[in-house]
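Colleague: Structure below; questions to follow.
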Amino acid sequence: GEVLSIPPARGYCWGPIPGANVRAADLRRNWYSQAGKARPTCQTTPSSSSRTKHTLVTGSSSKHLPQGIEKILQEGAEGLGPEVVTPTGPNQYRPPAGFMNEQLTETPEFAAMAPQDMMNRLRARAGKWHQLAKMLPLLAKAGYDNTTVDEMTGITPVLQVRRKVAEWMYDTLVASGKLSPELLASFDSRGEDMLYPFRNLTQEMREAAAEYVVQQNYDATACEVLARSMKEWERRPVERTGFTDHPGDCMAFKYLRDALECTKVEEAEKKMQQALSVAVTDDARARLYEAQQMLLGDAPETPSSGPEDARDRSPTASLTILRLELEDLGFRPIPVLGELGTASPSDLDAAPRTSQEGVFGIFSIQSRATAHRWVALPQWKALAMMQVPVGFTVANLASVPAVVSGTRSKTDDDKKRLNGPGIIVADRGAVTVAALDNDTYYLASALGASTEAKLQLVDGAQVRTRGLKALATVAFIARPPARDARPLSTS
Numbered sequence: 001g002e003v004l005s006i007p008p009a010r011g012y013c014w015g016p017i018p019g020a021n022v023r024a025a026d027l028r029r030n031w032y033s034q035a036g037k038a039r040p041t042c043q044t045t046p047s048s049s050s051r052t053k054h055t056l057v058t059g060s061s062s063k064h065l066p067q068g069i070e071k072i073l074q075e076g077a078e079g080l081g082p083e084v085v086t087p088t089g090p091n092q093y094r095p096p097a098g099f100m101n102e103q104l105t106e107t108p109e110f111a112a113m114a115p116q117d118m119m120n121r122l123r124a125r126a127g128k129w130h131q132l133a134k135m136l137p138l139l140a141k142a143g144y145d146n147t148t149v150d151e152m153t154g155i156t157p158v159l160q161v162r163r164k165v166a167e168w169m170y171d172t173l174v175a176s177g178k179l180s181p182e183l184l185a186s187f188d189s190r191g192e193d194m195l196y197p198f199r200n201l202t203q204e205m206r207e208a209a210a211e212y213v214v215q216q217n218y219d220a221t222a223c224e225v226l227a228r229s230m231k232e233w234e235r236r237p238v239e240r241t242g243f244t245d246h247p248g249d250c251m252a253f254k255y256l257r258d259a260l261e262c263t264k265v266e267e268a269e270k271k272m273q274q275a276l277s278v279a280v281t282d283d284a285r286a287r288l289y290e291a292q293q294m295l296l297g298d299a300p301e302t303p304s305s306g307p308e309d310a311r312d313r314s315p316t317a318s319l320t321i322l323r324l325e326l327e328d329l330g331f332r333p334i335p336v337l338g339e340l341g342t343a344s345p346s347d348l349d350a351a352p353r354t355s356q357e358g359v360f361g362i363f364s365i366q367s368r369a370t371a372h373r374w375v376a377l378p379q380w381k382a383l384a385m386m387q388v389p390v391g392f393t394v395a396n397l398a399s400v401p402a403v404v405s406g407t408r409s410k411t412d413d414d415k416k417r418l419n420g421p422g423i424i425v426a427d428r429g430a431v432t433v434a435a436l437d438n439d440t441y442y443l444a445s446a447l448g449a450s451t452e453a454k455l456q457l458v459d460g461a462q463v464r465t466r467g468l469k470a471l472a473t474v475a476f477i478a479r480p481p482a483r484d485a486r487p488l489s490t491s
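Taking UniProt numbering, the leading residue of the sequence shown gets 1, the next gets one more, and so forth.
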């Protein structure tokens with residue numbers, strides 16, 4: 001049939017769906033009788049510009065129209081003005097690259113693959129995560145729901161959703177063409193958890209965030225914080241004055257708001273230090289310094305004409321202030337008096353005493369013998385209760401019978417685990433016979449022996465039966481960190 005252009009009614013939209021809302025008063029009266037054509041049907045055809053033309057197609061297909069539409073077309077419409085078009089205005093919230101592109105994830109390799117083969121690859125994790133995630137929509141089209149995929153591959157429904165969303169994030173970054181292949185390769189191993197938080201960001205923000213997290217080596221938790229920071233920056237156009245849309249400035253703006261909400265000065269100061277460490281632009285740092293002075297009560301600079309004062313106020317000079325935590329001061333210095341088996345009671349008597357004072361735990365040595373070796377151990381409760389703690393080194397714990405017996409090491413494997421050095425930590429001070437405990441180990445020597453006799457590691461029962469004199473009470477034996485332990489670990 002012949003196609004006739006019909007302008008849409010003002011305020012209404014004609015659609016290709018039969019039965020759409022059309023007012024009889026908005027149609028030209030008897031238009032089809034004047035055209036001398038058969039009764040038309042209504043459809044929508046795309047135009048070359050970003051607007052829609054509505055056309056009426058004549059032909060025998062009019063018999064398929066609903067009765068209500070036929071009646072409207074028969075009655076016609078009153079006169080309308082010229083055709084009105086409404087071009088779409090600019091929108092800053094443009095869809096990301098690849099949006100609504102159904103072929104973006106359906107690569108020929110996966111589209112031609114059988115569902116069972118895709119299940120096997122997902123189960124074996126055979127491939128990069130963003131490649132495997134492309135199979136999930138294909139399995140859904142093939143009739144496999146999330147529960148079935150979970151049962152056959154071990155990937156939970158929640159994880160399936162996260163992977164599909166993260167894969168879409170990855171595809172938009174690839175389709176944009178603004179990120180280098182080297183940077184995109186950084187998401188091959190752990191990009192699933194890193195890209196998922198960026199699902200609510202615009203395409204431009206997502207690209208900047210992806211580049212920033214790779215440069216800063218962020219983990220998944222830090223990516224979550226960054227995504228929230230960028231959304232918060234976007235929602236607060238007035239408060240963010242001075243902070244650009246750079247991810248670093250967005251993070252600084254977030255930490256500034258956190259500092260303003262802190263109830264303790266220490267917490268606010270910590271947040272301000274975090275903000276200053278990630279701020280990128282000078283305007284952002286200026287805002288942070290101003291807020292720091294207002295929030296923490298720093299004294300403002302006083303004018304001075306001296307050259308040294310002017311040099312101290314130079315904007316290029318900065319001082320770093322670190323707030324220590326309580327655990328940072330939780331160490332106690334202990335003198336090491338020698339090795340077990342060679343140390344004597346005289347070494348024990350010459351052990352220097354230490355005292356700690358002040359908020360920093362500054363310690364001083366109350367002895368003229370300053371040539372001793374020292375070791376700093378964590379301030380455990382057993383160590384904190386000692387009056388005069390001392391230490392004795394052991395080259396190999398497995399070679400000391402008392403250590404083997406005291407640790408109840410009976411098998412060869414138990415003894416093998418004792419191999420290695422250690423430090424016996426004891427509290428210096430003579431112990432009376434009445435105060436001896438059979439379940440406690442002591443450093444003792446024979447009664448009446450010279451001060452050059454060797455110290456022995458024995459339990460309370462042996463001190464009684466052998467007539468020894470207990471000179472120090474053993475608290476514990478410290479061992480060095482294991483090879484696979486993290487730095488500063490005390491486990």
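Idealized CB from N, CA, C, for every residue including glycine.
With DSSP collapsed to three states, give me the class of G191.
Modeller: As a first step, residue 191 is located in the sequence shown; it is residue number 191 there, counting from the start. Looking at G191 - three-state DSSP - the assignment turns out to be helix.
Colleague: At the level of alpha carbons, what is the spacing between A376 and M135?
Modeller: Taking the sequence shown and counting its residues from 1, the one referred to as residue 376 is at position 376. Taking the sequence shown and counting its residues from 1, the one referred to as residue 135 is at position 135. Taking the straight line joining both Cα atoms gives about 56 Å.
Colleague: If you check the beta carbons only, do K271 and D258 fall under 7 Å apart?
Modeller: As a working mapping, residue 271 is identified with position 271 in the sequence shown. As a working mapping, residue 258 is identified with position 258 in the sequence shown. Contact: yes.
Colleague: DSSP three-state label for A472, please.
Modeller: Numbered from its first residue, the sequence shown carries residue 472 at position 472. Strand, per DSSP.
Colleague: A398 to P352, Cα distance in whole Å?
Modeller: For this step, residue 398 is matched to residue 398 along the sequence shown. For this step, residue 352 is matched to residue 352 along the sequence shown. Spanning the two alpha carbons is a distance of roughly 29 Å.
Colleague: Here's a check: name, in chain order, each residue in its chain whose Cβ is nearer than 8 Å to the Cβ of G467, leaving out the five neighbours to either side.
Modeller: Indexing the sequence shown from 1 puts residue 467 at position 467. So the qualifying residues of the chain are A446, L447.
Colleague: Name the one or two DSSP bridge partners that residue 509 has.
Modeller: Residue 509 lies beyond the stretch modelled for the chain, which goes from 1 to 491, so this question has no answer here.
Colleague: Which of the three DSSP states, helix, strand or coil, is assigned to A446?
Modeller: Start at 1 with the first residue of the sequence shown, and residue 446 comes out as number 446. Strand.
Colleague: Thinking R479 and G391 are a contact (beta carbons under 8 Å), I'd like their distance in whole angstroms, please.
Modeller: Looking up residue 479 in the sequence shown gives position 479. Looking up residue 391 in the sequence shown gives position 391. The pair is not a contact, with the Cβ atoms about 13 Å apart (cut-off 8 Å).
Colleague: Looking at L122 and P153, is the spacing between their C-beta atoms short of 7 Å?
Modeller: Counting from 1 along the sequence shown, the entry for residue 153 is found at position 153. Counting from 1 along the sequence shown, the entry for residue 122 is found at position 122. Before going further, note that residue 153 is Thr rather than Pro in the sequence given. A contact, by the Cβ cut-off of 7 Å.
Colleague: What number of angstroms, rounded off, separates the C-alpha of P137 from the C-alpha of Y144?
Modeller: Mapped onto the sequence shown, residue 137 falls at position 137. Mapped onto the sequence shown, residue 144 falls at position 144. For P137 and Y144, the distance between alpha carbons rounds to 9 Å.
Colleague: Within 8 Å, do at least three Cβ pairs link the stretch 448 to 456 to the stretch 331 to 346?
Modeller: yes
Colleague: Can you have a look at M205 and say buried or exposed, based on whether 16 or more other CB atoms are within 10 angstroms of its CB?
Modeller: The residue labelled residue 205 in the question sits at position 205 within the sequence shown. By the neighbour-count rule (16 or more Cβ atoms within 10 Å), M205 is buried.
Colleague: Return helix, strand or coil for Y170, following the three-state DSSP convention.
Modeller: Along the sequence shown, one-based indexing puts residue 170 at 170. Looking at Y170 - three-state DSSP - the assignment turns out to be helix.
Colleague: Along the chain, where does the alpha helix (DSSP H) that runs through D117 open and close?
Modeller: As a working mapping, residue 117 is identified with position 117 in the sequence shown. Per DSSP, D117 belongs to the alpha helix (DSSP H) from 115 to 124.
Colleague: How big is the Cα-Cα spacing for M118 and D171?
Modeller: Walking along the sequence shown from the start, residue 118 turns up at place 118. Walking along the sequence shown from the start, residue 171 turns up at place 171. Cα to Cα, the separation comes out at about 20 Å.
Colleague: Identify every residue that forms a DSSP beta bridge with Y144.
Modeller: Within the sequence shown, the letter at position 144 stands for residue 144. None, per the DSSP bridge assignment.
Colleague: For the stretch 209 to 244, which segments carrying the alpha helix (DSSP H) assignment without a break, of at least 4 residues, lie completely within its bounds, in sequence order?
Modeller: 220 to 235
Colleague: Just mark T473 as buried or exposed, buried being the case when its beta carbon has 16 or more other beta carbons within 10 Å.
Modeller: Numbered from its first residue, the sequence shown carries residue 473 at position 473. By the 10 Å Cβ count, T473 comes out buried.
Colleague: Take the Cβ of V433 as the centre, count every other Cβ of all protein chains shown within 10 Å, and call the residue buried at 16 or more, exposed below.
Modeller: Position 433 of the sequence shown, counted from the start, is the residue given in the question as residue 433. By the 10 Å Cβ count, V433 comes out exposed.
Colleague: Is the number of C-beta pairs between the stretch 175 to 191 and the stretch 225 to 235 that are closer than 8 Å three or more?
Modeller: no
Colleague: Decide yes or no for the touch test of the stretch 321 to 329 against the stretch 276 to 291: beta carbon pairs closer than 8 Å, at least 3 of them.
Modeller: Two segments are said to touch when three or more pairs of C-beta atoms, one from each, lie closer than 8 Å; by this definition the stretch 321 to 329 does not touch the stretch 276 to 291.
Colleague: Under the DSSP definition of a beta bridge, which residues are partnered with L377?
Modeller: Counting from one through the sequence shown, the residue named residue 377 turns up at place 377. The partner list for L377 (beta bridge, DSSP) reads R332.
Colleague: Given this structure, state the Cα-to-Cα distance separating A444 from K469, to the nearest angstrom.
Modeller: Taking the sequence shown and counting its residues from 1, the one referred to as residue 444 is at position 444. Taking the sequence shown and counting its residues from 1, the one referred to as residue 469 is at position 469. Going from the Cα of A444 to the Cα of K469 covers about 5 Å.
Colleague: Which of the three DSSP states, helix, strand or coil, is assigned to R323?
Modeller: Translated into positions along the sequence shown, residue 323 becomes position 323. R323 falls in the coil class under three-state DSSP.
Colleague: Nearest by alpha-carbon distance to A142: which of W129, A350, A112 is it?
Modeller: Along the sequence shown, read from residue 1 onward, the residue named residue 142 stands at position 142. Of the candidates W129, A350, A112, the one whose C-alpha sits nearest the C-alpha of A142 is A112.
Colleague: Give every residue of the same chain whose Cβ lies closer than 8 Å to the Cβ of A291, excluding the five residues on either side of it in the sequence, and list them in chain order.
Modeller: Position 291 of the sequence shown, counted from the start, is the residue given in the question as residue 291. Result list for A291: L256, A259, L260, M272, in chain order.
Colleague: Leaving out the 5 sequence neighbours to the left and right, which residues in its chain are closer than 8 Å to L348 when beta-carbon positions are compared?
Modeller: In the sequence shown, counting from the first residue as 1, residue 348 sits at position 348. These residues qualify, in order along the chain: L337, V390, R428, L443, L455, L471, A472.
Colleague: Between the stretch 238 to 251 and the stretch 274 to 281, can you find at least three pairs of beta-carbon atoms closer than 8 Å?
Modeller: The stretch 274 to 281 vs the stretch 238 to 251: in contact.
Colleague: I think L179 touches E207, with their Cβ atoms under 8 Å apart; what is that distance to the nearest whole Å?
Modeller: As a first step, residue 179 is located in the sequence shown; it is residue number 179 there, counting from the start. As a first step, residue 207 is located in the sequence shown; it is residue number 207 there, counting from the start. That belief holds up - the Cβ atoms of L179 and E207 are roughly 6 Å apart, short of 8 Å.
Colleague: Whose C-alpha, out of Q366, L329, G420, Q387, is nearest the C-alpha of V359?
Modeller: Numbered from its first residue, the sequence shown carries residue 359 at position 359. That would be L329, whose Cα lies nearest to the Cα of V359.
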